[in-house]
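Take a look at the structure below.
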Amino acid sequence: HQFDGFDKETGLWLSELVHFYDVFHNDPDYQVDLYNIKGGETPLDPVSLNRVTLDRLSRSYYENDVFMHKLKHLPAVSEADPSQYDVIYFTGGHGVMYDFTGNPYIEEAVNTIYDNGGIISSVCHGTCALLEVKRPNHRFFIDGKTLTGFSNVEEILANRKKYVPFALETALKVKEAKYRKSKIPMKGY
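Heads up: the sequence shown at position 163 corresponds to 163 in the UniProt record's numbering, and the numbers run straight through without jumps.
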(Lines of atoms letter the chains of each structure in order from A; the text may use other names.)
(Lines give C-alpha, C1' and ligand atoms only; values in the text may rest on other atoms or scores of the structure.)
Protein backbone atom coordinates (compact mmCIF):
# COMPACT_ATOMS: atom_id res chain seq x y z
CA HIS A 1 0.00 0.00 0.00
CA GLN A 2 1.34 3.43 -0.89
CA PHE A 3 0.32 7.01 -0.30
CA ASP A 4 -1.57 8.14 -3.42
CA GLY A 5 0.76 9.94 -5.81
CA PHE A 6 3.89 9.16 -3.82
CA ASP A 7 6.47 6.40 -3.85
CA LYS A 8 6.12 5.93 -0.10
CA GLU A 9 4.73 2.83 1.56
CA THR A 10 2.14 2.82 4.30
CA GLY A 11 -0.26 0.36 5.90
CA LEU A 12 -1.36 -0.89 9.29
CA TRP A 13 0.56 0.43 12.30
CA LEU A 14 1.37 -2.97 13.80
CA SER A 15 1.41 -2.05 17.50
CA GLU A 16 -2.07 -0.54 17.21
CA LEU A 17 -3.37 -3.99 16.35
CA VAL A 18 -1.08 -6.01 18.60
CA HIS A 19 -1.74 -4.22 21.89
CA PHE A 20 -5.51 -4.57 21.51
CA TYR A 21 -5.29 -8.12 20.15
CA ASP A 22 -2.99 -9.30 22.94
CA VAL A 23 -5.40 -8.26 25.70
CA PHE A 24 -8.48 -9.90 24.24
CA HIS A 25 -7.05 -12.81 22.25
CA ASN A 26 -5.57 -14.33 25.40
CA ASP A 27 -8.81 -13.99 27.39
CA PRO A 28 -11.06 -17.08 27.11
CA ASP A 29 -14.16 -14.89 27.50
CA TYR A 30 -13.53 -13.27 24.11
CA GLN A 31 -13.32 -14.42 20.53
CA VAL A 32 -11.20 -12.15 18.34
CA ASP A 33 -11.56 -12.29 14.58
CA LEU A 34 -9.37 -10.25 12.26
CA TYR A 35 -10.43 -8.89 8.87
CA ASN A 36 -9.00 -6.48 6.36
CA ILE A 37 -10.61 -4.63 3.49
CA LYS A 38 -9.80 -6.88 0.53
CA GLY A 39 -8.84 -10.13 2.20
CA GLY A 40 -5.40 -11.66 1.93
CA GLU A 41 -2.27 -9.87 3.04
CA THR A 42 -2.46 -6.88 5.35
CA PRO A 43 0.13 -4.26 4.37
CA LEU A 44 2.21 -3.02 7.30
CA ASP A 45 3.56 0.49 7.61
CA PRO A 46 7.35 0.04 7.46
CA VAL A 47 7.87 2.88 9.96
CA SER A 48 5.89 0.87 12.53
CA LEU A 49 8.46 -1.91 12.20
CA ASN A 50 11.65 0.02 12.92
CA ARG A 51 13.64 -0.42 16.13
CA VAL A 52 12.39 2.82 17.67
CA THR A 53 8.66 2.24 17.17
CA LEU A 54 8.45 -1.55 17.47
CA ASP A 55 8.07 -2.19 21.20
CA ARG A 56 8.76 -5.54 22.85
CA LEU A 57 5.19 -6.85 22.61
CA SER A 58 4.79 -5.81 18.98
CA ARG A 59 8.16 -7.33 18.12
CA SER A 60 7.10 -10.64 19.69
CA TYR A 61 4.08 -10.74 17.37
CA TYR A 62 6.08 -9.56 14.35
CA GLU A 63 8.53 -12.42 14.93
CA ASN A 64 5.71 -14.93 15.49
CA ASP A 65 5.33 -16.90 12.26
CA VAL A 66 1.80 -18.10 13.12
CA PHE A 67 0.53 -14.56 13.77
CA MET A 68 2.23 -13.11 10.70
CA HIS A 69 0.85 -15.94 8.55
CA LYS A 70 -2.60 -14.99 9.85
CA LEU A 71 -2.05 -11.33 8.82
CA LYS A 72 -1.12 -12.51 5.33
CA HIS A 73 -4.31 -14.57 4.93
CA LEU A 74 -7.15 -12.58 6.46
CA PRO A 75 -10.73 -12.73 5.24
CA ALA A 76 -12.24 -9.59 3.74
CA VAL A 77 -14.53 -7.46 5.89
CA SER A 78 -17.28 -8.20 3.37
CA GLU A 79 -17.26 -11.80 4.67
CA ALA A 80 -18.04 -10.78 8.26
CA ASP A 81 -21.53 -11.04 9.72
CA PRO A 82 -21.69 -7.95 11.96
CA SER A 83 -24.75 -9.27 13.79
CA GLN A 84 -22.45 -11.85 15.40
CA TYR A 85 -20.20 -9.25 17.06
CA ASP A 86 -20.44 -7.12 20.19
CA VAL A 87 -17.40 -4.95 19.48
CA ILE A 88 -15.59 -3.59 16.46
CA TYR A 89 -12.13 -2.08 16.72
CA PHE A 90 -10.52 -0.08 13.92
CA THR A 91 -6.75 -0.10 13.93
CA GLY A 92 -4.59 2.80 12.86
CA GLY A 93 -1.82 3.50 10.43
CA HIS A 94 -1.93 5.89 7.52
CA GLY A 95 -2.98 3.08 5.17
CA VAL A 96 -6.42 2.87 6.74
CA MET A 97 -7.18 6.39 5.53
CA TYR A 98 -7.45 4.90 2.04
CA ASP A 99 -9.15 1.66 3.01
CA PHE A 100 -11.66 2.45 5.74
CA THR A 101 -13.25 5.74 4.72
CA GLY A 102 -16.52 5.28 2.86
CA ASN A 103 -16.42 1.47 2.85
CA PRO A 104 -20.02 0.14 2.72
CA TYR A 105 -19.19 -3.00 4.71
CA ILE A 106 -17.71 -0.90 7.48
CA GLU A 107 -20.82 1.29 7.49
CA GLU A 108 -23.03 -1.79 7.79
CA ALA A 109 -20.88 -3.27 10.56
CA VAL A 110 -20.80 -0.06 12.59
CA ASN A 111 -24.56 0.47 12.35
CA THR A 112 -25.41 -3.17 13.08
CA ILE A 113 -23.12 -3.49 16.09
CA TYR A 114 -24.15 -0.08 17.44
CA ASP A 115 -27.87 -0.83 17.00
CA ASN A 116 -27.38 -4.11 18.88
CA GLY A 117 -25.88 -2.23 21.85
CA GLY A 118 -22.28 -3.03 20.95
CA ILE A 119 -19.09 -1.03 21.21
CA ILE A 120 -17.55 0.92 18.34
CA SER A 121 -13.87 1.66 19.00
CA SER A 122 -10.81 2.88 17.18
CA VAL A 123 -7.29 4.11 17.69
CA CYS A 124 -5.31 6.82 15.94
CA HIS A 125 -6.17 6.97 12.21
CA GLY A 126 -8.68 4.14 12.66
CA THR A 127 -11.24 6.79 13.55
CA CYS A 128 -11.45 7.59 9.83
CA ALA A 129 -13.56 4.43 9.49
CA LEU A 130 -16.41 6.38 11.07
CA LEU A 131 -16.21 9.49 8.88
CA GLU A 132 -18.76 8.48 6.25
CA VAL A 133 -20.96 6.18 8.34
CA LYS A 134 -24.53 7.43 8.30
CA ARG A 135 -27.34 6.45 10.60
CA PRO A 136 -30.84 5.56 9.34
CA ASN A 137 -31.83 9.20 10.00
CA HIS A 138 -29.15 10.20 7.43
CA ARG A 139 -27.00 11.96 10.04
CA PHE A 140 -23.36 11.04 10.38
CA PHE A 141 -22.63 8.48 13.08
CA ILE A 142 -19.99 10.74 14.64
CA ASP A 143 -22.25 13.81 14.78
CA GLY A 144 -22.16 15.02 18.39
CA LYS A 145 -19.97 12.15 19.61
CA THR A 146 -16.79 12.87 21.56
CA LEU A 147 -13.80 11.14 20.05
CA THR A 148 -10.15 11.48 19.20
CA GLY A 149 -7.73 10.48 16.48
CA PHE A 150 -4.43 11.55 14.95
CA SER A 151 -4.32 15.36 15.08
CA ASN A 152 -3.30 17.88 12.44
CA VAL A 153 -0.21 18.79 14.50
CA GLU A 154 0.73 15.12 14.76
CA GLU A 155 0.58 14.76 10.96
CA ILE A 156 3.06 17.63 10.70
CA LEU A 157 5.33 16.17 13.39
CA ALA A 158 5.20 12.74 11.72
CA ASN A 159 6.15 14.39 8.41
CA ARG A 160 3.02 12.97 6.75
CA LYS A 161 0.87 16.07 6.14
CA LYS A 162 1.72 16.23 2.43
CA TYR A 163 1.07 12.50 1.97
CA VAL A 164 -2.29 11.94 3.64
CA PRO A 165 -5.49 12.19 1.57
CA PHE A 166 -7.12 14.42 4.22
CA ALA A 167 -6.51 15.82 7.69
CA LEU A 168 -8.35 13.51 10.09
CA GLU A 169 -8.85 16.09 12.84
CA THR A 170 -10.33 18.58 10.38
CA ALA A 171 -12.55 15.96 8.73
CA LEU A 172 -13.94 14.86 12.10
CA LYS A 173 -14.76 18.43 13.07
CA VAL A 174 -16.46 19.10 9.73
CA LYS A 175 -18.76 16.13 10.43
CA GLU A 176 -19.70 17.70 13.80
CA ALA A 177 -17.73 15.30 16.00
CA LYS A 178 -16.59 16.68 19.34
CA TYR A 179 -12.90 16.17 18.68
CA ARG A 180 -10.55 16.01 21.67
CA LYS A 181 -6.78 15.58 21.83
CA SER A 182 -3.89 15.62 24.23
CA LYS A 183 -2.22 18.96 24.84
CA ILE A 184 1.07 17.22 24.16
CA PRO A 185 1.23 15.68 20.66
CA MET A 186 1.95 11.95 20.32
CA LYS A 187 0.78 11.26 23.88
CA GLY A 188 -2.29 9.24 24.75
CA TYR A 189 -5.57 10.97 25.34
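Think of the CB as a built atom: it goes at the ideal place given N, C-alpha and C, for glycine as much as any other residue. As the structure is a computational prediction, the values presented were derived from the model and not from experiment.
Among the options, whose alpha-carbon lies nearest the alpha-carbon of residue i?
i: P75; options: D22, V87, F24 and Y105; result: Y105
i: A80; options: D33, V23 and P165; result: D33
i: L157; options: P82, R139, M186 and K145; result: M186
i: H94; options: P46, H69, V77 and Y114; result: P46
i: P43; options: V52, T10 and E132; result: T10
i: E108; options: C124, C128 and P136; result: P136
i: P165; options: C128, H138, L147 and K173; result: C128
i: residue 199; options: K173, N103 and V23; result: Absent from the model: residue 199. The displayed extent of the chain is 1 to 189, so no value can be given.
i: V23; options: Y89, N159 and N103; result: Y89
Under the rule that 16 or more other beta-carbon atoms within 10 Å means buried, what is residue i, buried or exposed?
i: L57; result: exposed
i: P82; result: buried
i: D65; result: exposed
i: V133; result: buried
i: D99; result: buried
i: S151; result: buried
i: S15; result: buried
i: S48; result: buried
If residue i sits next to residue j, beta carbons under 8 Å apart, how far is it from one beta carbon to the other, in whole angstroms?
i: I142; j: K181; result: Not confirmed; about 15 Å, so no contact.
i: G149; j: E169; result: 7 Å
i: V87; j: S121; result: 7 Å
i: K145; j: K183; result: Their Cβ separation, rounded to whole angstroms, is 21 Å, which puts K145 and K183 out of contact at 8 Å.
i: Y21; j: V77; result: At roughly 16 Å, the Cβ-Cβ gap does not stay under 8 Å, so Y21 and V77 are not in contact.
i: Y85; j: G118; result: 7 Å
Cα separation between residue i and residue j?
i: A171; j: K70; result: 33 Å
i: Y114; j: L17; result: 21 Å
i: T101; j: I37; result: 11 Å
i: F140; j: D7; result: 33 Å
i: E63; j: L12; result: 16 Å
i: K162; j: T91; result: 22 Å
i: V96; j: G126; result: 6 Å
i: D29; j: E155; result: 37 Å
i: F67; j: V153; result: 33 Å
i: V52; j: D27; result: 29 Å
i: L130; j: L54; result: 27 Å
i: A167; j: R160; result: 10 Å
i: N50; j: H19; result: 17 Å
Ignore the nearest five residues each way along the sequence and tell me which others in residue i's own chain have a CB closer than 6 Å to its CB.
i: G40; result: none
i: N111; result: none
i: S60; result: none
i: N103; result: none
Measuring from the CB of residue i, is there a heavy atom of the ligand NAP at a distance below 8 Å?
i: E169; result: With respect to small molecules bound, the structure shown includes none, and the ligand NAP cannot be examined in it.
Quick one: residues in its chain with C-beta nearer than 7 Å to the C-beta of residue i, no 5 flanking neighbours on either side, listed in chain order?
i: H25; result: V32
i: C124; result: W13, E16, G92, G149 and F150
Among residues of its own chain, excluding the 5 on either side of residue i, which ones have a beta-carbon nearer than 8 Å to its beta-carbon?
i: H73; result: G40 and E41
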